[in-house]
Amino acid sequence: MKRSCLLISIQVGEDPTRLSLVEKGRGRGLVRMKRFSFILFLLLFAIPAVVDAQRKITFDEAIAIALGESHTVHYYREDMEATRYSYLYTRAQFKPFLDINLFTPSWEEGVQEIVQADGLPVYNSTGSLKAGGNLSFKYVLPTGGNFDLSSNMYYENYHTTLSLQNNEVLKRDQVYSRVMLSFNQPIFTANKLKENMKAAELDYRRSVCYYTRAQMDIVYNVTSAFYQVYRIAFENKINQDRLVNSKEAFRIAKLKMETGNLPEGELLTTEIVVGQDESRLMESQGKLEAAYDDFKLLIGLNLNDSIEPVADMEFESFLIDRQKAIDEAFHNRMEIQENDIDIQLQQIEIKKAKREREVKGNISAYYNFTGLSTRENGSPGDLLQSSFENMSDRPSNRGIVFTLSYPIADWGRSKNLVQREERRLNQQKLERENTKRTIETQIRKIVRNVYEAEKRFRINQRNRDVALENYRICRLRFESGDMTGQELSIEQERLSQIQLGYIDAYITYRLSIADLNRKTMYDFENDRSYGVVNK
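The opening position of the sequence shown corresponds to residue 1 in our numbering, with each subsequent residue numbered one higher.
Have a look at this one:
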């Protein structure tokens, strides 16, 4: 609500020369009291009164607010960011990886079965307490293979209780250490890491398409809501003018009745019209408040904010090249780009299906040094030193494995899988062609709608000007007694309908332009593109 502060100029006190000597003392006190009262009035009422003016919002400002604050744009932005991080995670699979795993401590105790060749099994109690860890550095190769440099070291206190020797307990401290370099490389098959990264990139591009489409839909929806609120506000203003006009007609009718130039029935008719207009104004004000709340919710404003939409009803005509509109739609529309992405993702699925029948190979190799210290006594440092010495004394461990696999007969499993994915690829291609045909149909229709909406607006604009002039003449006729109040009310209703038709025609035109921008992703009014360049 808009509150205004009234500035009042007040002179306090009287001319002392007009007071008697007896009254001067009392007068000074009265003057001081008046001054104090005035200052108190300013402190309590004038100074705290803050003007809470309505915020005027233009169409461009509403669009900017919605694109930054609305729920929909936040939702799709988060979805786009989630797929972007998923893509970055997949890309990071090609980067080195350092991992450490510590077990401090690892304690186990239990019963172990010992099988005897010449007797029944016996059960010894065993236990161990370990402390150590593993360190691994993996380097991923562009070919999809990897080198892995790892080390493993732990200290162990091991003990066992021998059940056949009067539960004699044996103990031993030992240190185990190992350093190993390993290599692994799949061959005769696709690089799955690159394939996964390509799929993640396509998913991210698709989420960008969704986000862009959501933005264009937001622009259109905000356009529709903005002008709907503007129409309701316009209708409310019409109802206010109607009430003013009907009250003025009632006032004139009362003057005529007092002079005897108007029947009493005519006065009652004008009074009924005033009541109807008051009720209509009350209803439109309620609709306007509800429309404001819905609009603020849509664009992301605080519901307590006071706003007022401002629109310029004048505009300049511009030409639309229909073929250019179609070409821009083909180049910019997210639906076509999404179809292209779906086709590429389906081609990846076909490659995966074909791998069911391809030769698969793998090369793996390792080379490591191992040291083990099993001394019965000594400090942990001595055991560790002994483990390193044992690593240099013990021969290194090495190995290489080359494997090949090929499904000789799967009774059509892989063939049927490939056929299924290829049919789905054909579906995606058909969908793309149908999307293009649908888009072309939409553009041809919306271009016609824009021109028709502009012509309709110009016609309604002329009708409004004529209706305003006609109503002015009718009021003069009513004042001169050549028209009844009922006839004037009918003319008022006709004027209101023509004014609403005028604003409806303007809104239809603006929505047609917004729909053209959304469906071509090109602003013909300002000659600029909204499209996202494919990379």
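Built from N, CA and C at the ideal position, the CB exists for glycine as well.
Residue i (DSSP reduced to helix, strand or coil)
i           : result
residue 119 : coil
residue 227 : helix
residue 173 : strand
residue 352 : helix
residue 370 : strand
residue 410 : coil
residue 246 : helix
residue 219 : helix
residue 418 : helix
residue 263 : coil
residue 320 : coil
residue 403 : strand
residue 69  : helix
residue 211 : helix
residue 395 : coil
residue 483 : coil
residue 302 : coil
residue 530 : coil
residue 552 : The requested residue 552 does not occur in the structure, where the chain is confined to residues 1 to 535.
residue 347 : helix
residue 521 : coil
residue 359 : coil
residue 185 : strand
residue 365 : strand
residue 60  : helix
residue 501 : helix
residue 470 : helix
residue 141 : coil
Exposure label - residue i; buried when at least 16 CB within 10 Å
i           : result
residue 121 : exposed
residue 263 : exposed
residue 106 : exposed
residue 117 : exposed
residue 403 : exposed
residue 505 : buried
residue 50  : Unreliable positioning characterises residue 50 in this predicted model, as indicated by a pLDDT of 38, which lies under 50. The coordinate reading is nonetheless provided below. Exposed, because fewer than 16 other Cβ atoms sit within 10 Å of the Cβ of residue 50.
residue 207 : buried
residue 528 : exposed
residue 457 : buried
residue 238 : buried
residue 282 : exposed
residue 82  : exposed
residue 516 : buried
residue 373 : buried
residue 485 : buried
residue 290 : exposed
7 Å Cβ shell around residue i - same chain, five flanking residues per side excluded
i           : result
residue 192 : 144
residue 525 : 318 and 513
residue 163 : 122, 123 and 124
residue 63  : 219 and 222
residue 460 : 501, 502 and 505
6 Å Cβ shell around residue i - same chain, five flanking residues per side excluded
i           : result
residue 26  : Per-residue confidence for residue 26 stands at a pLDDT of 40, beneath the threshold of 50, marking its modelled position as unreliable; the derived number appears in the next sentence. Here the set comprises nothing.
residue 151 : 135 and 179
residue 310 : 56 and 58
residue 520 : 325, 328 and 329
residue 216 : 518
residue 522 : 328 and 529
residue 109 : 127
residue 157 : 129 and 173
Among the options, the one whose alpha carbon lies nearest that of residue i
i           : options               : result
residue 396 : 171, 216, 194 and 371 : 371
residue 284 : 248, 243, 233 and 311 : 233
residue 357 : 322, 301, 417 and 97  : 417
residue 228 : 269, 267 and 296      : 296
residue 471 : 488, 369 and 393      : 488
residue 176 : 408, 109 and 390      : 390
residue 315 : 509, 521 and 517      : 509
residue 249 : 521, 478 and 491      : 478
residue 111 : 160, 251, 392 and 65  : 160
residue 141 : 157, 165, 427 and 92  : 92
residue 214 : 256, 101, 67 and 498  : 67
residue 302 : 76, 70 and 61         : 70
residue 359 : 313, 341 and 406      : 406
Residues near residue i by beta carbon distance below 8 Å, same chain, minus five either side
i           : result
residue 103 : 130, 131, 132, 133 and 154
residue 86  : 200, 203 and 204
residue 444 : 322 and 326
residue 495 : 467, 468, 470 and 471
residue 439 : 326, 329, 330, 333, 335, 336 and 519
Practice task
Entirely within the region 82-130 and at least 3 residues each: give me those beta strand (DSSP E) ranges in chain order.
Solution key: 97-114
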